[in-house]
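> Residue numbers (our numbering): 132 to 780.
#1: Restricting to Cα atoms, I'd like to know which of 456, 260 and 582 is closest to residue 441.
#2: Would you grab the beta carbon distance between residue 179 and residue 260 for me? Rounded to a whole angstrom, and I think it's under 8 Å.
#3: Would you mind reading off the limits of the beta strand (DSSP E) that contains residue 698?
#4: Could you tell me how far apart the beta carbons of residue 262 and residue 234 are, in whole angstroms, since I believe they sit closer than 8 Å?
#5: Once the 5 residues before and after residue 102 are set aside, which same chain residues still bring their CB inside 7 Å of it?
#6: Does DSSP put residue 518 in a helix, in a strand, or in coil?
#7: Considering Cα atoms alone, identify which of 187, 642 and 688 is closest to residue 672.
#8: Residue 360 bridges to which residues according to DSSP?
#9: With 16 as the cutoff for other CB atoms within 10 Å, does residue 465 come out buried or exposed?
#10: Check whether the region 292-307 touches the region 326-335, taking contact to mean three or more Cβ pairs, one atom from each stretch, closer than 8 Å.
#11: Assess contact between the region 513-524 and the region 597-607, defined as three or more Cβ pairs (one per stretch) separated by less than 8 Å. Is contact present?
#12: Please give the ranges of any alpha helix (DSSP H) in the region 597-644, keeping only runs that are unbroken, at least 4 residues long and fully inside the region.
#13: What residue does the beta strand (DSSP E) around residue 480 start on, and which one ends it?
#14: Assuming residue 192 and residue 432 form a contact by the criterion Cβ under 8 Å, report the distance between their Cβ atoms to the nearest whole angstrom.
#15: Three or more C-beta pairs under 8 Å: does that hold for the region 220-232 against the region 379-391?
#16: How is the alpha helix (DSSP H) around residue 489 delimited, first residue to last?
#17: Grab me the residues of residue 238's own chain with a C-beta within less than 6 Å of its C-beta, minus the 5 sequence neighbours each way, in chain order.
#18: Taking only three categories from DSSP, how would you classify residue 778?
#19: With contact counted as at least three CB pairs below 8 Å, one residue from each stretch, are the region 208-218 and the region 135-148 in contact?
#20: Sorted by chain position, which residues of the same chain lie with C-beta nearer than 6 Å to residue 661's C-beta, five sequence neighbours on each side aside?
#21: Where residue 382 and residue 490 are concerned, what is the direct C-alpha to C-alpha distance, given to the nearest angstrom?
#22: Please report the residue range of the alpha helix (DSSP H) in which residue 184 lies.
#23: Consult DSSP for residue 417 and reduce its assignment to one of helix, strand or coil.
#24: Take residue 284 and list the residues in its own chain whose beta-carbon comes closer than 7 Å to its own, dropping the five residues that flank it on each side.
#25: Between the C-alpha atoms of residue 417 and residue 404, what's the straight-line distance to the nearest angstrom?
#26: Count the other C-beta atoms from every protein chain shown that fall within 10 angstroms of the C-beta of residue 481, then say buried if there are 16 or more, exposed otherwise.
#27: For the alpha helix (DSSP H) holding residue 328, just list the boundary residues, first then last.
#28: How far does the beta strand (DSSP E) with residue 733 in it reach, from first residue to last?
#29: Which partner residues does residue 669 have in the DSSP bridge list?
#30: In the DSSP output, what is residue 546 paired with across the bridge?
#31: Have a look at residue 220 and residue 371 and give me their C-alpha separation to the nearest angstrom.
Written as structure tokens, this is what we have:
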């Protein structure tokens with residue numbers, strides 16, 4: 132390989148790296164044994180409409196990679212002083228085939244998982260979605276080329292004569308090539324002015340410097356594109372405009388149905404992010420590489436000037452001025468002790484572990500299954516015997532849907548979901564339905580654009596991030612709109628279980644409990660660092676007279692790494708950031724034991740002669756013991772995905 136070709140590997144690094152992601156993501160997400168399978172496999176569970184949108188996005192991304200790569204190859208000598216590798220700005224059948232092949236793994240990957248994804252009869256519709264999406268992507272490419280030809284000077288777009296298309300469509304391109312929106316004399320004056328005044332470092336590789344060219348017969352004629360952008364730049368610019376219009380159209384459509392399920396899948400949002408990244412990063416690299424400025428420099432400048440901006444942080448919604456009813460753990464047990472002791476039934480405490488969407492679904496499956504079995508009991512059922520649920524991460528999301536069924540009827544007492552008409556199955560489905568589509572929209576349309584405009588968002592706009600989209604998704608399917616304090620109702624009376632949603636404070640590593648009972652603050656009994664334990668903080672201790680929505684409390688306890696952001700309360704002064712409870716205790720047992728100890732201590736202090744009730748502790752784990760990964764050696768690549776190893780979407 133010659134030196135010039137090695138140079139082009141560097142100059143083409145943006146489209147090459149994004150191309151690797153486009154081709155490699157399906158293999159990384161779906162191959163057995165891949166470390167990314169548990170994280171990304173759900174991206175490829177698509178219906179026919181989602182397949183249609185994904186196909187369009189994948190092929191459009193491949194087209195953008197082709198065009199940005201060709202810009203470097205066509206202008207390498209003028210812009211970077213290296214040997215020219217491509218001289219004809221044409222779009223042949225080979226170029227179209229290259230784009231399709233590049234996008235093919237992303238499009239067809241789902242069909243290698245027909246059984247796992249339970250496609251069944253939907254396979255035919257998904258194939259139709261691929262064909263229709265490819266057709267629409269081709270029409271978008273044609274529209275971008277037509278617009279480029281129409282905007283450029285007469286006869287300056289050779290791609291119009293080589294682009295593979297039907298005869299009638301070719302005539303349309305030839306018609307556009309013989310016309311232009313702008314008068315030729317006006318374009319000539321503009322081009323001459325640009326060529327005379329633009330600095331050479333800016334002009335080289337962008338502006339056509341040839342005053343004369345040869346026609347097909349070898350005669351020298353005036354160059355209609357003199358002083359104007361090269362034909363490849365015209366084409367890339369118009370196609371970029373077309374893709375940005377696609378980006379904004381999808382964003383507006385999704386924003387109209389915030390939190391509601393739509394036909395736009397998370398995979399399409401990932402591809403749209405890659406499309407925009409390719410246009411922006413490739414444009415920056417093409418400009419900066421001339422001056423030997425690393426592509427990392429503008430992002431460091433952006434980070435330095437934007438990191439302190441209010442809009443660059445993530446916030447969660449709060450409600451100030453709230454008066455809370457004090458409920459101690461012993462008060463939550465006292466009513467149950469008197470009601471259940473004659474029945475000789477234990478008080479049940481539940482700890483449900485983290486594990487993403489699998490933990491959410493399994494938590495509801497176990498709780499509703501036990502409730503169904505307990506309906507055969509002659510006395511109180513399982514749900515009425517549950518006194519407290521301590522949940523973490525995905526288990527918190529599952530317990531949210533189960534706990535919401537208490538007091539849901541007109542009587543506002545007890546578990547109100549009857550085991551009929553598939554209610555329990557519907558509840559399991561509610562917990563297992565993915566929210567990746569909403570989270571991906573928040574990432575692509577809110578969080579990343581806000582990086583480039585850290586000072587422009589209002590207080591309301593700052594709240595609408597990918598974490599808030601997760602909350603809206605839960606609200607849409609479960610209709611949970613109350614605050615955490617609202618669930619204190621019924622805890623003291625004994626018909627609603629107490630709840631603890633376990634989170635972690637990012638800055639200190641201490642557990643933060645979103646609880647429906649008051650918990651005394653624990654302090655280390657020894658200054659010996661080997662024996663001292665982190666302080667346990669309650670949200671209401673940290674923020675007196677401040678409340679938080681239920682879905683927000685659960686989202687903070689289930690802030691899966693990179694999926695939901697580390698967020699802080701929306702105050703003016705600096706505040707702690709809250710992250711997934713699994714960073715401290717992924718099983719919920721620690722806070723359950725502390726809650727029970729505190730309840731028993733208070734019961735013994737108030738009634739020393741009273742016998743403590745029998746207690747059954749039920750621990751729900753979303754993965755069997757034999758599914759645990761054995762110890763093994765890892766290379767340096769393990770450090771990239773180590774933070775995600777035990778979190779599953």
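From the three backbone atoms N, C-alpha and C, an ideal C-beta is built for every residue, glycine too.
Predicted model, so just to flag it, every value in this text is computed and none were measured.
Taking the definition as stated:
#1: To locate residue 441, count along the chain shown from 1; it is residue 310. Nearest option by C-alpha distance: 582.
#2: Along the chain shown, one-based indexing puts residue 179 at 48. Along the chain shown, one-based indexing puts residue 260 at 129. Correct: roughly 4 Å between the Cβ atoms.
#3: Within the chain shown, numbered from 1, the residue matching residue 698 stands at position 567. Taken as a continuous stretch (DSSP letters only), the beta strand (DSSP E) holding residue 698 covers 698-700.
#4: As a position in the chain shown, residue 262 is number 131, starting the count at 1. As a position in the chain shown, residue 234 is number 103, starting the count at 1. About 13 Å; that fails the 8 Å criterion.
#5: The question about residue 102 has no answer, for the chain in this structure spans 132 to 780.
#6: Locating residue 518 in the chain shown gives position 387, counting from the first residue. Three-state result, residue 518: strand.
#7: By 1-based counting over the chain shown, the position of residue 672 is 541. Of 187, 642 and 688, the residue nearest in Cα terms is 642.
#8: Your numbering for residue 360 matches position 229 in the chain shown. Residue 360 is bridged to 338.
#9: Taking the first residue of the chain shown as position 1, residue 465 is located at position 334. So residue 465 ends up on the buried side.
#10: no
#11: no
#12: 597-609
#13: Position 349 of the chain shown holds residue 480. Taken as a continuous stretch (DSSP letters only), the beta strand (DSSP E) holding residue 480 covers 478-483.
#14: Residue numbering aside, residue 192 sits at position 61 when the chain shown is read from its first letter. Residue numbering aside, residue 432 sits at position 301 when the chain shown is read from its first letter. Not quite, the Cβ-Cβ distance comes to about 27 Å (not below 8 Å), so this is no contact.
#15: no
#16: Your numbering for residue 489 matches position 358 in the chain shown. 487-505 is the span of the alpha helix (DSSP H), which, as asked, contains residue 489.
#17: Sequence index remark: in the chain shown, residue 238 carries index 107 (1-based). For residue 238, where only same-chain residues beyond five positions count, the Cβ hits under 6 Å are 186, 189 and 261.
#18: In the chain shown, counting from the first residue as 1, residue 778 sits at position 647. With a pLDDT of 48 at residue 778, under the threshold of 50, the modelled position of this residue cannot be trusted, and the question is left open.
#19: yes
#20: Position 530 of the chain shown, counted from the start, is the residue given in the question as residue 661. For residue 661, the predicted structure reports a pLDDT of 43, less than 50, and the residue's modelled location is therefore unreliable. The matter cannot be settled from this model.
#21: By 1-based counting over the chain shown, the position of residue 382 is 251. By 1-based counting over the chain shown, the position of residue 490 is 359. Residue 382 and residue 490: Cα-Cα distance of roughly 31 Å.
#22: Translated into positions along the chain shown, residue 184 becomes position 53. Where residue 184 is concerned, the enclosing alpha helix (DSSP H) stretches over 179-211.
#23: Position 286 of the chain shown, counted from the first residue, corresponds to residue 417. Residue state, collapsed to three classes: helix.
#24: As a position in the chain shown, residue 284 is number 153, starting the count at 1. 311, 315, 318, 355, 356 and 359.
#25: On the chain shown, position 286 is the one that residue 417 refers to. On the chain shown, position 273 is the one that residue 404 refers to. Looking at the two C-alpha atoms, the distance is approximately 20 Å.
#26: What you label residue 481 is simply residue 350 of the chain shown in a count that begins at 1. Its Cβ being crowded by 16 or more others within 10 Å, residue 481 is buried.
#27: Here residue 328 is taken as the residue at index 197 of the chain shown, counted from 1. It spans 315-328 - the alpha helix (DSSP H) in which residue 328 sits, taken as one unbroken run.
#28: Taking the chain shown and counting its residues from 1, the one referred to as residue 733 is at position 602. Premise fails: residue 733 lies in the alpha helix (DSSP H), 720-737, not in any beta strand (DSSP E).
#29: As a working note, residue 669 is residue 538 in the chain shown. Partner(s): 644.
#30: To locate residue 546, count along the chain shown from 1; it is residue 415. Answer is 537, bridged to residue 546.
#31: Numbered from 1 along the chain shown, position 89 holds the residue referred to as residue 220. Numbered from 1 along the chain shown, position 240 holds the residue referred to as residue 371. In a straight line, the C-alpha of residue 220 is about 17 Å away from that of residue 371.
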